[in-house]
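S.K.: Have a look at this one before I ask anything.
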Amino acid sequence: MKNLIFLVFFFSFSVSFSSSLESDSNSKDFNVTEMIMHHIKDSHEFHILDWNGKGVSIPLPVILWTDNGLVTFSSSEFHHDDEGTEVVTKKDMSFVKFHEEIYYASQQPNLSGQYVVFDKNKYPTNLKPLDFSITKLVFSMFLSMLLLVLIFGISARNYSKSNNGVPSGIAKFTEPLILFIRDEVAIPNIGEKNHKKYMPYLLTLFFFIWINNLMGLIPFFPFSANLTGNIAFTAVLAVITFAITTFAGTKDYWKHIFWMPGLPVPMKLFLAPIEFLGIFIKPISLMIRLFANISAGHIIVLSLISLIFIAETVWIAPLSVGFSVFISVIEILVVAIQAYIFTMLSALYIGSAMEEHEH
Amino acid sequence: MSLVLLQEVAVTSYGPLAAIGAGLAAVGAGIGIGKIGGSAMEAMARQPEKAASLQTSAIVFIAFVEAVALFAVVVSLIK
């Protein structure tokens, strides 16, 4: 425990010296919100670090489905431009990138050299092609899929190598987790009879969410993308849970929603719209819960680090980095809990849709 | 805990109203989590052998309460 405290203080001073070197050459103001939003959002290039004041980043491929067919190019053709001034022309169509979204370029640039037309709320009104690019978050998702296949493929193989049913190697780590999901989440909620059918989905959900959350917490190169803090990702997971509950619903389930048995008729009519809305609100709450928790964690860590840049002094660094380490440790607990809660609520919704009980 | 610095980002969007909304959400979360923690402490004191199971359940319930508060923060972030 004491060693941990010493480690935190030593590392915090190393950060503080490097920040003092940078703040002398920086002449523009440090905009906290912009920096935080840039780190939370998706991006067409993977920014690794800043070297000598210039950014080092990996340009990721841009894949667009346009009216003329599939267009692919590397995002380095935009030359790090995010304001819509650089135009890329492929197959007789021009594209610009504004705030990490790709639009069809306007014919004439506006006064600031941007090929984008804005409406009065400063939103671009150009048309967009269908964007299937490998962005930073898609790359991180592929990486986490690869890691999951590796970890669980190796654990499955370790079972066949053993001689009395006891596995070796990494299966010793994954077995208690899988048994936990089966015994504490699947069987109590879905029941002994049918839980095997839904175990693959619940296991995938739990480990996929957990590993993506953990990867977002690691601050260096291939791991630092904020995938589960993106509402589109959590929306897809919620939609899949919604689809499974809808298709697993027995006649009892729908009867309970629209015509709840055992109540006087005015109450039944009163409950029907509420329960109908509840069908949609439950997956939406799953989506927002995961998205908000993970994004909030990332925003807190980024805000604490940017305290150094706001105060523009070296000596706040031990406090700032110390707090960030503390919050990151809490986040490790929070990501596991959020993955468990998403899985448990999915199992609960699936189980309550399949339940058969007598009245 | 995750709400305190989220309000800092909320301020810059629609002026102070968004921050007030997020602050009220923090109050709600604080009250809810405090009540859960208090009753969990009391139950653990009454029956120490169930302390581990009570702690696990308490953490799960806290995640639900925090989710509701975070809905409010997300709404204040949007505007």
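Chains F and U are the protein sequences, given in the same order. So that you can map any letter, position 113 of the first sequence is 112 in numbering that gives the first Met the number 0, and since no number is skipped, the others follow by simple counting. So that you can map any letter, position 25 of the second sequence is 24 in numbering that gives the first Met the number 0, and since no number is skipped, the others follow by simple counting. Backbone N, C-alpha and C define an ideal beta-carbon position, used for all residues, glycine too. Here the structure is a predicted model, which is why all the values come from computation and not from measurement.
According to a CB-to-CB cut-off of less than 8 Å, which residues of the region 181 to 195 of chain F neighbour chain U?
M.R.: Flagged: no residues at all.
S.K.: Counting C-beta neighbours from all protein chains within 10 Å, is the total for residue 102 of chain F 16 or more, i.e. buried, or is it exposed?
M.R.: Looking at its Cβ environment, which holds 16 or more other Cβ atoms inside 10 Å, residue 102 of chain F is buried.
S.K.: Considering only C-alpha positions, which residue in the set F/49, F/67 and F/44 is nearest to residue 57 of chain F?
M.R.: Considering only alpha carbons, the answer is F/44.
S.K.: To the nearest angstrom, how far is the alpha carbon of residue 198 of chain F from that of residue 46 of chain F?
M.R.: Between residue 198 of chain F and residue 46 of chain F, the C-alpha separation is close to 38 Å.
S.K.: Entirely within the region 95 to 161 of chain F and at least 3 residues each: give me those beta strand (DSSP E) ranges in chain order.
M.R.: Within the region 95 to 161 of chain F, the complete beta strand (DSSP E) runs of at least 3 residues are 100 to 103.
S.K.: Expressed to the nearest angstrom, what Euclidean distance is found between the alpha-carbon atoms of residue 211 of chain F and residue 229 of chain F?
M.R.: The straight-line gap from Cα to Cα measures roughly 11 Å.
S.K.: Does residue 92 of chain F come out as helix, strand or coil in the three-state DSSP assignment?
M.R.: If DSSP states are grouped into helix, strand and coil, residue 92 of chain F belongs with the strands.
S.K.: Under 8 Å: do the region 209 to 227 of chain F and the region 134 to 153 of chain F share three or more Cβ pairs, one atom per stretch?
M.R.: Contact holds: three or more Cβ-Cβ distances are below 8 Å.
S.K.: Give the residues of chain U in contact with residue 434 of chain F, contact being defined as C-beta atoms less than 9 Å apart.
M.R.: Only positions 0 to 358 of chain F appear in this structure, which leaves residue 434 of chain F out of reach.
S.K.: For a cutoff of 7 Å on Cβ pairs, would you count residue 336 of chain F as touching chain U?
M.R.: Yes, because at least one Cβ of chain U sits closer than 7 Å to the Cβ of residue 336 of chain F.
S.K.: Starting from residue 46 of chain F, trace the alpha helix (DSSP H) in both directions and tell me its first and last residue.
M.R.: Per DSSP, residue 46 of chain F belongs to no alpha helix (DSSP H); it is in the beta strand (DSSP E), 44 to 50.
S.K.: Which partner residues does residue 199 of chain F have in the DSSP bridge list?
M.R.: Residue 199 of chain F is not bridged to any residue.
S.K.: Quick one: Cα of residue 105 of chain F to Cα of residue 141 of chain F, how far?
M.R.: Using only the alpha carbons, I get a separation of about 34 Å.
S.K.: Along the chain, where does the alpha helix (DSSP H) containing residue 317 of chain F start, and where does it finish?
M.R.: Here the alpha helix (DSSP H) through residue 317 of chain F covers 316 to 353.
S.K.: What's the C-alpha gap between residue 2 of chain U and residue 151 of chain F?
M.R.: Computed Cα separation, rounded: 36 Å.
S.K.: Among the residues of its own chain, which have a CB less than 6 Å from the CB of residue 337 of chain F, if the five just before and after it don't count?
M.R.: Result list for residue 337 of chain F: 289 and 292, in chain order.
S.K.: Hey, does residue 235 of chain F have any beta-carbon neighbour from chain U nearer than 7 Å?
M.R.: No, no contact with chain U.
S.K.: At a Cβ cut of 8 Å, what residues of the region 264 to 285 of chain F count as close to chain U, listed as they run along the chain?
M.R.: Within the region 264 to 285 of chain F, the qualifying residues are 284.
S.K.: Rounded to a whole number of angstroms, what is the C-alpha to C-alpha distance between residue 315 of chain F and residue 167 of chain F?
M.R.: So the two alpha carbons sit approximately 47 Å from each other.
S.K.: Is residue 23 of chain F helix, strand or coil when you go by DSSP?
M.R.: Unreliable positioning characterises residue 23 of chain F in this predicted model, as indicated by a pLDDT of 40, which lies under 50. The coordinate reading is nonetheless provided below. Residue 23 of chain F falls in the helix class under three-state DSSP.
S.K.: Does the distance from the CB of residue 72 of chain U to the CB of residue 17 of chain U come in under 7 Å?
M.R.: Not in contact: residue 72 of chain U and residue 17 of chain U (Cβ atoms no closer than 7 Å).
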